[in-house]
Amino acid sequence: MENRDNNPKDSETVLMALDQISQTIDVMTSVIGRLRTHVQEQAASRQNELQAEMQADRVLH
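Residue numbers for the sequence shown follow our numbering, so the first one is -3 and each next one is one higher.
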C-alpha cells in the first residue's frame, strides 16, 4: 500500500522534471538557432570580403 501512496507524488515529480527538461531543450534550440544564423551571416560576410579583395587585386590589361 505504501507504494500506491507514493506513486502519484512520484509521477507528479517525474512529470514536472520532464516539463522542465522540455523547456530547457526549447531554450537551447532557440540559442543554437541564433548562433547558427550568426555564424552563417559571418561566413557570408567574410566570403563577400574575400570576393571584393579578389576583384580589387585583378589587373586589367
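Cβ atoms here follow ideal geometry from the backbone N, Cα and C, with glycine treated the same way.
Straight-line gap, residue i to residue j (C-alpha atoms, nearest Å)
| i | j | result |
| --- | --- | --- |
| D6 | M12 | 10 Å |
| L46 | A40 | 10 Å |
| H34 | Q51 | 26 Å |
| I17 | S26 | 14 Å |
| E49 | E37 | 18 Å |
| Q43 | M24 | 28 Å |
| G29 | L14 | 22 Å |
For residue i, the three-state DSSP class (helix, strand or coil)
| i | result |
| --- | --- |
| N3 | helix |
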